[in-house]
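Protein chains in written order, with this note's numbering: chain H, 58 to 191; chain R, 2 to 135.
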Amino acid sequence: MIESSHLPAGGDGGRRPGGDARVPKTAFNHLVFWFLFAQGGIIAAILIPVHVLIQGILGPLNIVPVVDRHYDTWIDALGNPIVKLYLLVLIAAPFFHFAHRIRYLLAQVVFYGGAVVVTLITIWVLLTTVPIGS
Amino acid sequence: MSTSEAHATPREYPWRMPANWWTRSRHYFWYIVREFTAVPLALWLVWLLVEIKRAGDGPARYSPHGSAPFVIFSVVVLLFSLYHSFTFLSLAGSILHFKLLDRPVSASVIVMSQFAAWAVASGVIGFFLVWLGR
Numbered sequence: 058m059i060e061s062s063h064l065p066a067g068g069d070g071g072r073r074p075g076g077d078a079r080v081p082k083t084a085f086n087h088l089v090f091w092f093l094f095a096q097g098g099i100i101a102a103i104l105i106p107v108h109v110l111i112q113g114i115l116g117p118l119n120i121v122p123v124v125d126r127h128y129d130t131w132i133d134a135l136g137n138p139i140v141k142l143y144l145l146v147l148i149a150a151p152f153f154h155f156a157h158r159i160r161y162l163l164a165q166v167v168f169y170g171g172a173v174v175v176t177l178i179t180i181w182v183l184l185t186t187v188p189i190g191s
Numbered sequence: 002m003s004t005s006e007a008h009a010t011p012r013e014y015p016w017r018m019p020a021n022w023w024t025r026s027r028h029y030f031w032y033i034v035r036e037f038t039a040v041p042l043a044l045w046l047v048w049l050l051v052e053i054k055r056a057g058d059g060p061a062r063y064s065p066h067g068s069a070p071f072v073i074f075s076v077v078v079l080l081f082s083l084y085h086s087f088t089f090l091s092l093a094g095s096i097l098h099f100k101l102l103d104r105p106v107s108a109s110v111i112v113m114s115q116f117a118a119w120a121v122a123s124g125v126i127g128f129f130l131v132w133l134g135r
């Protein structure tokens, strides 16, 4: 399914040597999956290292104060709709990149399904934890 | 009849890669490491989602993760995360092609702009993570 979408948009829809010009078919599957792959990859590359460094290492070692080290500061941040949107993008988008990468290691259906499930769970957690305006 | 049996059996024998193909060359090995970076990064994002969800348990029950195993886990994730960032952002020079004032922008300038964006984003996010935690 996915493999065929990664083929060029040529085939029967392409221009033939005899001059039989047909309109090339746009590979929409190709477009969507590569867009998600690229966006997830750039978001993971630019955003994740600083979160891991500060929330995973410097915060727990008490080197710097971090927003999730205290209940009050953490729920203040989580109540902000911009923070919720940011966290949704930060957590969900990279999974579409991960899905593409892991498809050679494990069954792709599990991981594209997994990416959708993670997106839905993230939306649910963000909306049910410290609801907007509370 | 042996002839009809031979026609009935499939004539194609799909060639399969041996399971250890990626250990034969240094390039193959680092390619698989790059693909594998998705796994630790995904695990860390799931942890972040758990940290968000735990804020909903209330102030009495909330305590941020800070054990030594968690910090070690984060250090390992950070190494994979940096490897993903370096390899992914370096690719931009090969993928992005555009002109500025009718002159093609060189690949090194594009790659440098990606790394500059990474540095700026890390600075801004790091500032907010610490500032909101004060």
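Ideal Cβ positions, reconstructed from N, Cα and C, are used throughout, including at glycine. All of these numbers come straight from a predicted model, not from anything done at the bench.
CB contact flag (residue i, residue j, <8 angstroms)
| i | j | result |
| --- | --- | --- |
| L104(H) | L79(R) | no |
| F152(H) | A43(R) | yes |
| P122(H) | G67(R) | no |
| R35(R) | T88(R) | yes |
| P138(H) | I180(H) | no |
| L90(R) | V112(R) | yes |
| L183(H) | K141(H) | yes |
| A108(R) | S123(R) | no |
| I132(H) | L49(R) | no |
| V187(H) | G134(R) | no |
| W22(R) | Y29(R) | yes |
| L92(R) | P106(H) | no |
CB-CB length for residue i against residue j, believed under 8 angstroms
| i | j | result |
| --- | --- | --- |
| L135(H) | I126(R) | Going by Cβ atoms, the distance from L135(H) to I126(R) rounds to 16 angstroms, so no, they are not a contact pair. |
| A150(H) | I100(H) | 5 angstroms |
| H85(R) | T38(R) | 4 angstroms |
| P41(R) | F81(R) | 5 angstroms |
| L130(R) | Q112(H) | 7 angstroms |
| A102(H) | W132(R) | The pair is not a contact, with the Cβ atoms about 24 angstroms apart (cut-off 8 angstroms). |
Bridge-paired residues (DSSP) for residue i
| i | result |
| --- | --- |
| L101(R) | R104(R) |
Simplified DSSP state of residue i, which is helix, strand or coil
| i | result |
| --- | --- |
| L104(H) | helix |
| L183(H) | helix |
| G67(H) | In this predicted model, G67(H) has a pLDDT of only 43, less than 50, meaning its place in the structure is not dependable; the value taken from the coordinates is given anyway. In the structure shown, G67(H) sits in coil (DSSP, three-state: anything other than H, G, I, E or B). |
| T83(H) | coil |
| Y63(R) | coil |
| E52(R) | helix |
| W91(H) | helix |
| L14(R) | Here residue 14(R) turns out to be Tyr, not Leu, going by the sequence shown. In this structure, Y14(R) counts as coil in the three-state DSSP scheme. |
| P188(H) | coil |
| T38(R) | coil |
| S26(R) | coil |
| H154(H) | helix |
| V200(H) | Residue 200(H) lies beyond the residue range present for chain H, which begins at 58 and ends at 191; the question has no answer from this structure. |
| G98(H) | helix |
| R135(R) | coil |
| G171(H) | helix |
| P138(H) | helix |
| H85(R) | helix |
| V166(H) | Low confidence applies here, because V166(H) scores a pLDDT of 49, under 50, leaving its location unreliable; read the following figure in that light. Helix. |
| G116(H) | coil |
| P19(R) | coil |
| S91(R) | helix |
| S68(R) | coil |
| R126(H) | helix |
**Residues of the stretch 95 to 107 of chain H with Cβ closer than 9 angstroms to any Cβ of chain C, in chain order** = No chain C appears in this structure, whose protein chains are H and R.
**Request:** Mind the definition here: the stretch 59 to 73 of chain R touches the stretch 124 to 133 of chain H only if three or more C-beta pairs lie below 8 angstroms; say whether that holds.
**Result:** Counting Cβ pairs under 8 angstroms, three or more are found: they touch.
**Message:** I'd like to know if the stretch 86 to 93 of chain H and the stretch 97 to 114 of chain R are in contact, where contact means that at least 3 CB-CB pairs between them fall below 8 angstroms.
**Reply:** Counting Cβ pairs under 8 angstroms, fewer than three are found: no touch.
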